[in-house]
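If you count by our numbering, then the sequence shown holds residues 1 to 386, one letter each, in order.
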Amino acid sequence: MIPYGRQDISSADIDAVVDVLKSDFLTQGPMVPRFEKAVADKVGAKYAFAVNSATSGLHVACLALGLKEGDRLWTSPITFVASANCGLYCGASVDFVDIDPRTYNLCPRALESKLIEAEKLDVLPKVVVVVHLCGQPCDMQAIWKLGQRFGFKIIEDASHAIGGKYQDEFIGCGKFSDITVFSFHPVKIITTAEGGMALTNDAQLAQKLSLLRSHGVTRDPELMTQEPDGSWYYQQIDLGFNYRMTELQAALGLSQLDRLDKFVRRRHELASRYNELLADLPLVTPWQRADSYSGFHLYVVRLKLDELTATHSQVFDSLRKQGVGVNLHYIPVHTQPYYQRMGFRLGDYPEAERYYSEAISLPLFQTMTDSQQDKVVSAIRETVNA
């Protein structure tokens, strides 16, 4: 089976992890700060905080922005549930904004329309989580302008997007957002096994992120309510969580980061090759914004079902039977039973639902060979031409 995603672990990665295993620190040592600084320097952010998952990163990002009960968080319905759940963790209510039919990202025009109506009803969001689906950035400048106009904060869920660029600057630089969150899950572009990172350019948000990912505990005398009792002293000054990354994970991530640009280049090569090989088939291949450079975590095609005799499900199952590990990213969050119990219904976000009815994620990973890709294309041809 050719998987839709796969990590690339080198001997240098293994050596980096083994070196940590032989060191004095498995947690809270020098590797995590080194990894944080390396990622921040790479993307052009001032502060970075490694966490044990992107979900944790989204949670502490919401908390750092002051999201609480009575507030509202909006996000895209085409994302993993974590992009919405992070608002619920804080006691806020969650709503969605339909997607752009070409990029599959949160649509700025739909966002503006919804904001205008929300302003009339005094139900504006406090936080909007934009999701760079497949690695392609959202129209961040347009969304930032709306944030300035309507007063909401912006979190970039860049779980798919490390190594990508928007307007010639790396995603994560924070030019058009308050906090960016990366994921380092094994199927993502670089991995720490599990893990994530939250980045910001705001010193106050940085202080909050640092506290919240580690129990709300500080050893900084300037943050304490009294003079330290001694050099051992610490204080819990907020309610935080144990969301820290281990030294082993950071060592792996730091080693992987050296190959980030190479990984993304290879993903672009494969995406371009897919574009050429699939051009004559009844599929819609990914459209890319001219001002963007995708991380290409995923390569999603949409089936032209009116030109096919097979159904969406039949195409998917046929490819799986032929050894092609296709997937579907994502089931619209508002259609999940948990969210349906909140009152969301089919028909609420028609573009997202149309996308879901046609989308299939094809295998794409940096170690994918041309021959593996040829097998995928051959299976697609056999299936759609049947």
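Backbone N, C-alpha and C fix where the C-beta goes; we use that ideal spot for every residue, glycine too.
The beta-bridge partner set that DSSP reports for Ser183 consists of Gly196. Considering only Val217, Ser357, Tyr338, the residue with the shortest C-alpha distance to Ala310 is Ser357. Taking a 10 Å sphere around the C-beta of Ala161, we find 16 or more other C-beta atoms and assign the residue as buried.
When DSSP states are grouped into helix, strand and coil, Ser10 belongs to the coil group. Less than 7 Å separates the beta-carbon of Met224 from that of Gln235. Between the alpha carbons of Leu364 and Trp287 lies a distance of about 16 Å. Your pair Pro101 and Leu146 does not check out as a contact, with CB atoms roughly 19 Å apart and the cut at 8 Å.
When rounded, the separation of the alpha-carbon atoms in Ala110 and Lys120 is 16 Å.
In this structure Tyr338 is exposed. Its beta-carbon is surrounded by fewer than 16 other beta-carbon atoms within 10 angstroms. The beta carbon of Glu307 is closer than 6 Å to those of Pro282 in its chain, skipping five residues each way along the sequence.
Short of 7 Å from the beta carbon of Gly216, and not among the five residues preceding or following it, lie these beta carbons of its own chain, in chain order: Gln236, Ile237, Asp238, Leu239, Gly240. Secondary structure of Arg273 (DSSP, three-state): helix. Under the DSSP assignment, Ala359 falls in the beta strand (DSSP E) whose first and last residues are 359-362.
Using a Cβ distance threshold of 7 Å, Gln366 and Arg266 count as a contacting pair.
Residue ranges of uninterrupted beta strand (DSSP E) with 3 or more members, entirely inside the region 186-246 and ordered along the chain, are 196-200. DSSP places Arg72 within a strand segment (E or B) once states are collapsed to three. Contact annotation: the region 290-297 touches the region 135-143, with at least three C-beta pairs closer than 8 Å. Judged by their CB atoms, Met245 and Val32 are nearer to each other than the 7 Å cut-off.
For the region 12-92, the full-length beta strand (DSSP E) segments reaching 3 residues or more read 47-51, 72-75 along the chain. With contact defined as three or more Cβ pairs closer than 8 Å, the region 121-132 and the region 152-166 are in contact.
The shortest C-alpha to C-alpha distance from Tyr274 to any of Val20, Ser378, Lys37, Pro77 is the one to Ser378. Around the CB of Ala279, fewer than 16 other CB atoms lie within 10 Å, so the residue is classed as exposed. Sequence-distant Cβ neighbours of Thr55 in its own chain, meaning closer than 8 Å and more than five residues away, are Ala82, Asn85, Cys86, Gly196. For Leu305, the three-state secondary structure derived from DSSP is helix.
By the Cβ-count criterion, Ala203 is exposed, with fewer than 16 other Cβ atoms from all chains shown falling within 10 Å of its own Cβ. Secondary structure of Phe152 (DSSP, three-state): coil. When beta bridges are read from the DSSP output, Phe170 appears opposite Lys165. When the beta-carbon positions are compared, Leu205 and Phe150 stay at least 7 Å from each other.
Cβ-Cβ distances below 6 Å link Pro77 to Phe96, Pro332, Val333, His334, Tyr349, Ala352 in the same chain, with the five nearest sequence neighbours on each side left out; the list follows chain order.
For the pair Ala50 and Glu36, the CB atoms are nearer than the 7 Å cut-off. Looking at the DSSP output, Tyr299 sits in a beta bridge with Leu362.
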